[in-house]
Amino acid sequence: MQVDVELLKEFERGLDPARSEQSKIPARVLGYGEISTIFEIQSDSVKDLACKRLPIFQTQDEVLRYVQIYHEYNDLLEKKIGINVPDYGFAWFASDSGRITAYDVQQKLPSESIGNRAIKQLNIEDIRTLFLLVLHELCKVWIYNAANPQEALGIDGQISNWAISGYDAEHPHIETGMKLLYFDTSTPLMKKGGVEQLDPELFMRSAPSFLVWMIRWLFLEGVMTRYYDARLVTIDLIANFYKEQQPQVVPHLVKAANDFFAGEGKPLMIKPLTEKEIQSYYKEDAQIWILFLALRRFDRWLHRYILHKPYIYILPGKIKR
Ligand SMILES: Nc1ncnc2c1ncn2[C@@H]1O[C@H](COP(=O)(O)OP(=O)(O)O)[C@@H](O)[C@H]1O
Ligand SMILES: [Mg+2]
Numbered sequence: 000m001q002v003d004v005e006l007l008k009e010f011e012r013g014l015d016p017a018r019s020e021q022s023k024i025p026a027r028v029l030g031y032g033e034i035s036t037i038f039e040i041q042s043d044s045v046k047d048l049a050c051k052r053l054p055i056f057q058t059q060d061e062v063l064r065y066v067q068i069y070h071e072y073n074d075l076l077e078k079k080i081g082i083n084v085p086d087y088g089f090a091w092f093a094s095d096s097g098r099i100t101a102y103d104v105q106q107k108l109p110s111e112s113i114g115n116r117a118i119k120q121l122n123i124e125d126i127r128t129l130f131l132l133v134l135h136e137l138c139k140v141w142i143y144n145a146a147n148p149q150e151a152l153g154i155d156g157q158i159s160n161w162a163i164s165g166y167d168a169e170h171p172h173i174e175t176g177m178k179l180l181y182f183d184t185s186t187p188l189m190k191k192g193g194v195e196q197l198d199p200e201l202f203m204r205s206a207p208s209f210l211v212w213m214i215r216w217l218f219l220e221g222v223m224t225r226y227y228d229a230r231l232v233t234i235d236l237i238a239n240f241y242k243e244q245q246p247q248v249v250p251h252l253v254k255a256a257n258d259f260f261a262g263e264g265k266p267l268m269i270k271p272l273t274e275k276e277i278q279s280y281y282k283e284d285a286q287i288w289i290l291f292l293a294l295r296r297f298d299r300w301l302h303r304y305i306l307h308k309p310y311i312y313i314l315p316g317k318i319k320r
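Residue numbers for the sequence shown follow numbering that gives the first Met the number 0, so the first one is 0 and each next one is one higher.
Okay, structure coming up:
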């Protein structure tokens with residue numbers, strides 16, 4: 000996909016990370032990630048795109064290496080594993096001050112069709128169908144990983160990472176034949192010869208500087224490795240429904256997952272899940288992210304009032320958990 004780099008550069012020039020909605024070129028935030036902010040920018044050349052801002056690169060080598068992995072990851076998912084990804088592109092540039100900013104750019108998908116929005120409209124039967132569709136897609140990755148452990152891919156199965164193709168918000172319903180798109184490809188975790196290709200340091204850049212050591216320890220052990228583990232990815236996906244304020248569906252999804260792992264997912268030999276472990280996982284995970292965000296806010300405060308240095312990251316407002 001061709002990307003209008005000049006426009007993005009212009010956008011970046013007029014962007015105040017503290018007030019991202021009031022940038023010179025108007026934009027709306029579609030979502031906040033741990034490391035990226037996803038913008039819909041109101042300008043003709045990019046208006047149908049979701050622009051994921053990644054302010055994490057310090058050198059040209061880093062960004063070039065990232066873009067290579069990013070392309071390979073998308074390509075593997077699409078061509079070898081058979082998961083649909085939206086049309087995508089990538090752009091990067093150095094700003095006037097020399098700082099590198101990169102943008103993952105994707106075809107913008109209708110916001111009602113994104114999993115976490117759709118589940119607000121769907122009944123429990125449809126949520127279950129959607130969940131099984133997601134497991135079916137994830138299973139393609141896990142089977143691939145089992146056959147190619149040295150070249151495994153990590154994937155984040157959360158419901159907010161999938162869009163339902165052809166979803167009609169006027170008549171919310173999920174059919175078993177519906178197609179899903181996986182769009183959270185900005186963290187392209189993949190191994191080659193058993194070695195992780197994505198430099199985890201990149202994803203610690205937005206962490207408070209005074210805590211990098213702790214984040215490194217939490218992140219490497221807890222967060223990076225979890226995306227390679229089918230059972231943990233499933234637990235994480237189900238625990239997501241607590242965050243999305245739908246605790247009542249959790250027991251149904253636990254059952255659906257266990258049925259799935261006794262049927263289609265049998266070759267993966269996953270030990271059955273229990274509701275209790277989803278609960279305790281969620282508590283711990285929510286605490287980690289709440290703490291992390293609080294510390295990032297503190298770091299922003301330090302930059303502004305003590306260090307008098309610009310703070311380049313964009314932080315989300317209050318998140319309901
Ligand atoms: N291509 C897209 N079209 C529409 N919305 C998107 C798109 N990509 C991301 N978003 C929105 O931004 C949120 C976070 O994006 P995601 O790619 O999952 O990043 P992260 O790695 O930060 O989770 C999504 O849940 C979705 O609401
Ligand atoms: Mg995501």
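Cβ atoms here follow ideal geometry from the backbone N, Cα and C, with glycine treated the same way.
These figures come from a predicted structure and were not determined experimentally.
Proximal residues to residue i (C-beta, below 6 Å), its chain only, five neighbours per side dropped
i, result
"D155", "D183 and Y226"
"Y31", "P315"
"E77", "V84"
"C138", "G264"
"A206", "I214"
Any non-hydrogen atom of ligand 2 closer than 7 Å to residue i Cβ
i, result
"D183", "yes"
"Q157", "yes"
"N115", "no"
"G153", "no"
"G13", "no"
Cα-Cα separation, residue i to residue j
i, j, result
"Y310", "D298", "9 Å"
"P246", "F240", "6 Å"
"E9", "I24", "8 Å"
"I158", "A117", "9 Å"
"K270", "V2", "45 Å"
"A162", "S35", "18 Å"
"F130", "H251", "10 Å"
"H307", "S110", "38 Å"
"K275", "Q149", "33 Å"
"H135", "N122", "20 Å"
"I80", "D235", "22 Å"
"V140", "R18", "38 Å"
Closer than 7 Å: residue i CB and nearest ligand 1 heavy atom
i, result
"S94", "no"
"T100", "no"
"A90", "no"
"A137", "For clarity, residue 137 is Leu in the given sequence; the question names Ala instead. Not under cutoff, so the answer is no."
"S35", "yes"
"K119", "no"
"A49", "yes"
Distance between beta carbons of residue j and residue i, contact taken as under 8 Å
i, j, result
"V104", "G114", "That belief does not hold up - the Cβ atoms of V104 and G114 are roughly 21 Å apart, past 8 Å."
"L132", "N144", "Not really, about 20 Å apart at Cβ, beyond 8 Å."
"T273", "V253", "7 Å"
"A256", "I237", "7 Å"
Nonlocal neighbours in the same chain, by C-beta distance under 7 Å from residue i, ignoring five residues either side
i, result
"V211", "M203"
"V48", "Residue 48 is actually Leu in this sequence, not Val. Around L48: V104, Q105, Q106 and K107."
Other residues of its chain near residue i: CB distance less than 8 Å, five sequence neighbours each side excluded
i, result
"H390", "Past the boundaries of the shown model lies residue 390; the chain is included only from 0 to 320, so the question cannot be answered."
"D86", "M0, Q105 and Q106"
is_contact[residue i, chain C] using C-beta, thresh 8 Å
i, result
"W288", "Of the chains in the structure shown, none is chain C; there is only one protein chain."
Closer than 7 Å: residue i CB and nearest ligand 3 heavy atom
i, result
"N160", "Absence of ligand 3 is noted for the structure shown, with ligand 1 and ligand 2 being the only ligands found."
| task | Please list the segments of the alpha helix (DSSP H) lying wholly inside the stretch 121-206, counting only runs of 4 or more residues, in order along the chain. | result | For the stretch 121-206, whole alpha helix (DSSP H) runs of length 4 or above, ordered along the chain, are 123-146.
| request: Enumerate, from N- to C-terminal direction, the unbroken alpha helix (DSSP H) stretches of 4 or more residues contained entirely within the stretch 39-110. | output: 59-74
| task | Counting only runs of 4+ residues fully inside the stretch 227-282, write out the alpha helix (DSSP H) ranges in chain order. | result | 229-242 and 249-261
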